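Remarks on the structure that follows.
There are 2 protein chains.
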Amino acid sequence: MSKQADSATSTNRAFKKRTGSKSDTIYAHIFDAILEHRLSPGTKLSEEALGEIFGVSRTIIRRELLQLAHEGVVSIRPNRGAMVANPSVEEARQILYARRLVERTITELVVQNATEKQLAELRKMVVDEQNCFTRGEMGTGIRLSGEFHLKLAEVAGNAPLTGFQRSLVSQTSLIIAQYEKVTRSHCSFDEHNQLLDAVAAKDTEKAISLMMRHMDHIDEKLNFDDEGATDDLHAIFSHVRG
Amino acid sequence: MSKQADSATSTNRAFKKRTGSKSDTIYAHIFDAILEHRLSPGTKLSEEALGEIFGVSRTIIRRELLQLAHEGVVSIRPNRGAMVANPSVEEARQILYARRLVERTITELVVQNATEKQLAELRKMVVDEQNCFTRGEMGTGIRLSGEFHLKLAEVAGNAPLTGFQRSLVSQTSLIIAQYEKVTRSHCSFDEHNQLLDAVAAKDTEKAISLMMRHMDHIDEKLNFDDEGATDDLHAIFSHVRG
DNA sequence: TGTATCATTTATGTATACAATTTTATTAAA
DNA sequence: TTTAATAAAATTGTATACATAAATGATACA
Numbered sequence: 011m012s013k014q015a016d017s018a019t020s021t022n023r024a025f026k027k028r029t030g031s032k033s034d035t036i037y038a039h040i041f042d043a044i045l046e047h048r049l050s051p052g053t054k055l056s057e058e059a060l061g062e063i064f065g066v067s068r069t070i071i072r073r074e075l076l077q078l079a080h081e082g083v084v085s086i087r088p089n090r091g092a093m094v095a096n097p098s099v100e101e102a103r104q105i106l107y108a109r110r111l112v113e114r115t116i117t118e119l120v121v122q123n124a125t126e127k128q129l130a131e132l133r134k135m136v137v138d139e140q141n142c143f144t145r146g147e148m149g150t151g152i153r154l155s156g157e158f159h160l161k162l163a164e165v166a167g168n169a170p171l172t173g174f175q176r177s178l179v180s181q182t183s184l185i186i187a188q189y190e191k192v193t194r195s196h197c198s199f200d201e202h203n204q205l206l207d208a209v210a211a212k213d214t215e216k217a218i219s220l221m222m223r224h225m226d227h228i229d230e231k232l233n234f235d236d237e238g239a240t241d242d243l244h245a246i247f248s249h250v251r252g
Numbered sequence: 011m012s013k014q015a016d017s018a019t020s021t022n023r024a025f026k027k028r029t030g031s032k033s034d035t036i037y038a039h040i041f042d043a044i045l046e047h048r049l050s051p052g053t054k055l056s057e058e059a060l061g062e063i064f065g066v067s068r069t070i071i072r073r074e075l076l077q078l079a080h081e082g083v084v085s086i087r088p089n090r091g092a093m094v095a096n097p098s099v100e101e102a103r104q105i106l107y108a109r110r111l112v113e114r115t116i117t118e119l120v121v122q123n124a125t126e127k128q129l130a131e132l133r134k135m136v137v138d139e140q141n142c143f144t145r146g147e148m149g150t151g152i153r154l155s156g157e158f159h160l161k162l163a164e165v166a167g168n169a170p171l172t173g174f175q176r177s178l179v180s181q182t183s184l185i186i187a188q189y190e191k192v193t194r195s196h197c198s199f200d201e202h203n204q205l206l207d208a209v210a211a212k213d214t215e216k217a218i219s220l221m222m223r224h225m226d227h228i229d230e231k232l233n234f235d236d237e238g239a240t241d242d243l244h245a246i247f248s249h250v251r252g
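Those sequence lines, one after another, are chains C and B. Basically this note's numbering = 1-based index in the first sequence + 10. Basically this note's numbering = 1-based index in the second sequence + 10.
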């Protein structure tokens, strides 16, 4: 409703001055860093350190961290500060389940509502994404992949749903950072293009089917057997006291 | 994820000390006041006034207002403070649409997952709700009606979805406050009981059908023809420079 | 050497002071 | 009386100071 989280970094940015003041950039900077996997799940986010980095007081940092916590990408524990969220296996499952529901609905709405202009924008986003991956800029590519899904939500035209999707996409990125199997590269842009073909053809069934397969592929990239990158000591030593 | 919004007021409360400090109660107090329609859409929420009322500094009030804004029940405009949100007709439509989607999914999951104990709790909630309405405590009744739907989401067992549902239910309450037709009483508890019957019988189709009818009835109570209680001057005088 | 207790340091939680902006009131002119 | 310009008041935005709790390090003791 109020705060958006468009990218604030590198590739293809527009550099247009936003109405929002500095705090917007702070939010976006941290947000992007998490989505590009430059900040790992579990990393401590010190208020004072961030304040120095961005040249503002803790007051501002505190507010931004709260926003990020709302979004689900940051976790705040009372008296112990904030850190990049590290969703548990169960949380990850629920997030991915919810995302399937939302993506299904969004796909349906996109087929109904997408204009030519919007389709063109979506095509362009896929190109940008592909360029990143071929250039080896994995982090930015991952973020752009997420922004593609967010753009779909916008095209669907339901603001509450878009907000929810933003949260789900962000958290999916965190889940990938934490549970991704080694030696697997993201080639989602190909699937993104196929999806847009189905959308352009107004083929709802096919579009949904492709989107669900896309979700399957995300699942397949994950390994929920071990408790993720950020070592969960409780899980690791769960056998100790029987 | 972190902050819940269980009732903090009157009927059937438990008075159990929560772990959270005073700020939890502040959030809940404002939240409940809005959901019980004691605070009307558009009402200014002054930081200083609220600070005095709750005996805390603006720092705390600010944080709570931000939380409420994220929930969608409060609207914050830069340099101009916070007010109870007054969703436009279009926003209302989108919220109700999103809610249908979520309620459908939740209903499906509830039929699958609900335990006997949970069903009993749900039954009890409907009794409480009914008692309120027969006693003439409309505000509390409206809130409990919302909490019933929230409880369903909890039973469904998907945390992200529950969070989204909380936001949608709250905003629905606001929409009703703003667009409800005159002289129509809420008798949702009856439909709630029928829904629970279908859930108990594990009849997914019927449960969903009942839930969708329930949503229809909410729609029918609303009048989107005029722009709601809080006067929208732009809409009223749209013909002037037209 | 290992453990427990206490002191120190560090970080977060809240209140307050001041700056910037908006709103309201006042005054002057048409 | 209405409008415009200006001054005053009130409200929000941000930084900082202090209070409180957690994490760390030091010391005493077994």
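In this text, a Cβ means the ideal position worked out from N, Cα and C, and glycines have one as well. Computed from a prediction, not measured in an experiment: that's the story for all the values here.
* Counting pairs of Cβ atoms below 8 Å between the segment 124-133 of chain B and the segment 198-210 of chain B, do you hit three or more? -> yes
* Residues bridged to B/M93 [DSSP beta-bridge criterion] -> Here residue 93 of chain B refers to the residue found at position 83 of the second sequence. B/M93 pairs with B/K54 and B/S85.
* **Member of C/V83, C/T35, C/G151 and C/G61 whose CA lies at the smallest distance from the CA of C/S50** => Residue numbering aside, residue 50 of chain C sits at position 40 when the first sequence is read from its first letter. Cα-wise, what sits closest to C/S50 is C/V83.
* For B/C142, collect the residues of the same chain with a Cβ closer than 8 Å to its Cβ; drop the 5 residues on either side in sequence, then sort them by chain order. => Walking along the second sequence from the start, residue 142 of chain B turns up at place 132. For B/C142, where only same-chain residues beyond five positions count, the Cβ hits under 8 Å are T21, M148, T150, G151 and L154.
* Neighbourhood of C/R176 by C-beta distance below 8 Å, restricted to the same chain and skipping five residues each side -> The sequence position of residue 176 of chain C within the first sequence is 166, counting from 1. Around C/R176: A15, E81, L160 and A163.
* To do: Just the C-alpha distance for B/I63 and B/R73, rounded to the nearest angstrom, thanks.
  => Residue mapping note: residue 63 of chain B aligns to position 53 of the second sequence, counting from 1. Residue mapping note: residue 73 of chain B aligns to position 63 of the second sequence, counting from 1. Looking at the two C-alpha atoms, the distance is approximately 16 Å.
* Between B/A79 and the rest of its own chain, which residues show a CB-CB distance below 6 Å, the 5 nearest in sequence each way excluded? -> Residue 79 of chain B sits at position 69 when you count from the first residue of the second sequence. I86.
* Nearest to C/I105 by CA position, among B/I116, B/A169, B/E100 and B/P97, is which residue? -> For this step, residue 105 of chain C is matched to residue 95 along the first sequence. Nearest C-alpha to C/I105: B/A169.
* Asked: What number of angstroms, rounded off, separates the C-alpha of C/T69 from the C-alpha of B/V137?
  -> Residue mapping note: residue 69 of chain C aligns to position 59 of the first sequence, counting from 1. Residue mapping note: residue 137 of chain B aligns to position 127 of the second sequence, counting from 1. Their backbone Cα atoms lie some 45 Å apart in a straight line.
* Taking only beta-carbon atoms, is B/Q104 less than 8 Å away from chain C? -> As a position in the second sequence, residue 104 of chain B is number 94, starting the count at 1. Cβ-Cβ to chain C under 8 Å: yes for B/Q104.
* DSSP three-state call for B/L49: helix, strand or coil? -> In the second sequence, the residue the question calls residue 49 of chain B occupies position 39. It is coil, neither helix nor strand.
* Asked: With which residues is B/L162 paired in a DSSP beta bridge?
  -> Within the second sequence, residue 162 of chain B is the residue found at index 152, counting from 1. DSSP output for B/L162 lists no bridge partner at all.
* Decide if C/S67 is buried, meaning its Cβ has at least 16 other Cβ atoms within 10 Å, or exposed. => Residue 67 of chain C sits at position 57 when you count from the first residue of the first sequence. Its Cβ having fewer than 16 others within 10 Å, C/S67 is exposed.
* **Where C/E62 sits in the DSSP three-state scheme** => Sequence index remark: in the first sequence, residue 62 of chain C carries index 52 (1-based). In this structure, C/E62 counts as helix in the three-state DSSP scheme.
* If contact means a Cβ-Cβ distance below 9 Å, which residues of the segment 160-187 of chain C contact chain B? -> G167, N168, A169, P170, L171, G173, F174, S177, L178 and Q181
* Who are B/E190's beta bridge partners in DSSP? -> On the second sequence, residue 190 of chain B is found 180 positions in, with the first residue counted as 1. DSSP lists B/L232 as partners of B/E190.
* Asked: Grouping DSSP H, G and I as helix and E and B as strand, with all else coil, what is B/T125?
  -> On the second sequence, position 115 is the one that residue 125 of chain B refers to. Three-state result, B/T125: coil.
* Asked: C/R73 versus chain B: which residues are under 9 Å apart at the beta carbon?
  -> Translated into positions along the first sequence, residue 73 of chain C becomes position 63. Ordered by position in chain B, the residues that pass the 9 Å Cβ test against C/R73 are R72, R73 and L76.
* Leaving out five residues on either side along the sequence, give the residues of the same chain with a beta carbon under 6 Å from the beta carbon of C/F199. => In the first sequence, counting from the first residue as 1, residue 199 of chain C sits at position 189. Around C/F199: V136, E139 and Q140.
* **Straight-line Cα distance separating B/K127 from B/A210** => Within the second sequence, residue 210 of chain B is the residue found at index 200, counting from 1. Within the second sequence, residue 127 of chain B is the residue found at index 117, counting from 1. So the alpha carbons of these two residues sit roughly 11 Å apart.
* **Residue environment, B/D235, which counts as buried when at least 16 other CB atoms sit within 10 Å** => Along the second sequence, read from residue 1 onward, the residue named residue 235 of chain B stands at position 225. By the neighbour-count rule (16 or more Cβ atoms within 10 Å), B/D235 is not buried but exposed.
* Asked: Just how far apart, CA to CA, sit B/A92 and B/I36?
  -> Indexing the second sequence from 1 puts residue 92 of chain B at position 82. Indexing the second sequence from 1 puts residue 36 of chain B at position 26. Near 15 Å, if we compare the C-alpha coordinates of B/I36 and B/A92.
* Asked: Which of the three DSSP states, helix, strand or coil, is assigned to B/D138?
  -> Within the second sequence, the letter at position 128 stands for residue 138 of chain B. Note: B/D138 maps to helix in three-state DSSP.
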